[in-house]
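**Student:** Pasting in a structure now, in structure tokens, and then I'll have a few things to ask.
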């Protein structure tokens, strides 16, 4: 009989590791890795236990498959179990509202934290907030009603259809008056123009055109927010210089500080 192929002689465990590696490699190639390229900020304490009668809530915001999610961890630091959880938002700048009831393991036992992923819609009542993406939240349970505020990162509100046509971009840039332009300096950006472009694109900030002017890379970018506001950007990148100049133009200039913070957060993630 012919000798078995060498693979058959390999132990099951080494075979498994080979298969895992292959899946890992293929996963990387096809973008199937577990890490999402979208920048989700680390969770912050939104409701400290001292203000929540033992209930602590940490949270963040992210975007998956074109939807906004509020990701929260509920911890019970009291002596008794908690139950009957519900959530409500105040009016806010972008009409954010829960798209479904809060789904949380209940009762919430002391020292057994539970995660909740709440999908958000953008069709709620609108009222301009300060800061612009501030969100006031009420959480009810069998103990009381608790209130906290959190800030939604602007890139979470950027939609997947934010690529503006080149000619429209040029016309719009010229059309928006000079007083609707603001400039920022971004420090410690240790990437080249292509890496910057890719990282921003993963977060729905799209490069429309790239030019090289006097040895500087110029990226022209667009993003569209959930309420239809467009933001146009120009990034000046000097190869080897970690200091980048960001110019923003929008008819609704009040979004600019939040957009600048989004650039900072994404590029430093």
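Residue numbers (full-length UniProt numbering): 1 to 269. C-beta: ideal position from N, C-alpha, C; glycine also.
Where DSSP assigns a beta bridge to residue 82, which residues make up the other side?
**Tutor:** 108
**Student:** Just to check my reading of the structure: residue 231 and residue 250 have Cβ atoms closer than 8 Å, yes? What is that Cβ distance to the nearest angstrom?
**Tutor:** About 5 Å; that satisfies the 8 Å criterion.
**Student:** At 3 residues or longer, what runs of the beta strand (DSSP E) sit wholly inside the region 128-214?
**Tutor:** 134-140, 145-151, 181-186, 206-213
**Student:** What's the C-alpha gap between residue 43 and residue 214?
**Tutor:** 42 Å
**Student:** Just list the residues that DSSP pairs residue 98 with in beta bridges.
**Tutor:** 120
**Student:** Taking only three categories from DSSP, how would you classify residue 258?
**Tutor:** helix
**Student:** Between the Cα of residue 65 and the Cα atoms of 54, 160, 264, 96, which residue gives the shortest distance?
**Tutor:** Per the Cα distances, 160.
**Student:** Select from 197, 225, 92 the residue whose C-alpha is nearest the C-alpha of residue 158.
**Tutor:** 225
**Student:** Residue 107 and residue 75 look like a contact to me (Cβ under 8 Å); what is the Cβ gap, rounded to whole Å?
**Tutor:** At roughly 14 Å, the Cβ-Cβ gap does not stay under 8 Å, so residue 107 and residue 75 are not in contact.
**Student:** Can you name, in chain order, every residue of its own chain whose Cβ lies under 8 Å from the Cβ of residue 13, other than the five neighbours on each side?
**Tutor:** Model confidence at residue 13 stands at a pLDDT of 40, short of 50, so the residue's coordinates are unreliable and nothing is read from them.
**Student:** Leaving out five residues before and five after residue 298 in sequence, what residues of the same chain have Cβ atoms less than 8 Å from its Cβ?
**Tutor:** The question about residue 298 has no answer, for the chain in this structure spans 1 to 269.
**Student:** Taking residue 44 as part of the beta strand (DSSP E), name the residues at either end of that continuous run.
**Tutor:** DSSP places residue 44 inside the beta strand (DSSP E), whose first and last residues are 44-47.
**Student:** Shortest alpha-carbon distance to residue 218 belongs to which of 118, 248, 238, 39?
**Tutor:** Out of 118, 248, 238, 39, 238 has the C-alpha closest to the C-alpha of residue 218.
**Student:** Buried or exposed for residue 147, please, with buried defined as at least 16 other CB atoms from any protein chain shown within 10 angstroms of its CB.
**Tutor:** exposed
**Student:** Using alpha carbons as the reference points, say which of 40, 63, 68, 72 lies closest to residue 46.
**Tutor:** For the set 40, 63, 68, 72, the Cα lying nearest the Cα of residue 46 is the one of 72.
**Student:** What's the gap between the Cα of residue 103 and the Cα of residue 116?
**Tutor:** 6 Å
**Student:** When we look at the beta-carbon of residue 211 and count the other beta-carbons within 10 Å, is it buried (16 or more) or exposed?
**Tutor:** exposed
**Student:** Assuming residue 62 and residue 69 are in contact, meaning their beta carbons sit under 8 Å apart, how far apart are those beta carbons, in whole angstroms?
**Tutor:** 5 Å
**Student:** Tell whether a beta-carbon distance below 8 Å holds between residue 262 and residue 154.
**Tutor:** yes
**Student:** Excluding sequence positions up to five away, which residues of its chain have a Cβ less than 7 Å from the Cβ of residue 187?
**Tutor:** Result list for residue 187: 242, 243, in chain order.
**Student:** Candidates 56, 89, 92, 97: which alpha carbon is nearest residue 78's?
**Tutor:** 56
**Student:** Please classify residue 52 as buried or exposed, where buried requires at least 16 other C-beta atoms within 10 Å of its C-beta.
**Tutor:** Its Cβ being crowded by 16 or more others within 10 Å, residue 52 is buried.
**Student:** Just to confirm, are residue 168 and residue 253 a CB contact at a threshold of 8 Å?
**Tutor:** no
**Student:** Where residue 258 and residue 240 are concerned, what is the direct C-alpha to C-alpha distance, given to the nearest angstrom?
**Tutor:** 27 Å
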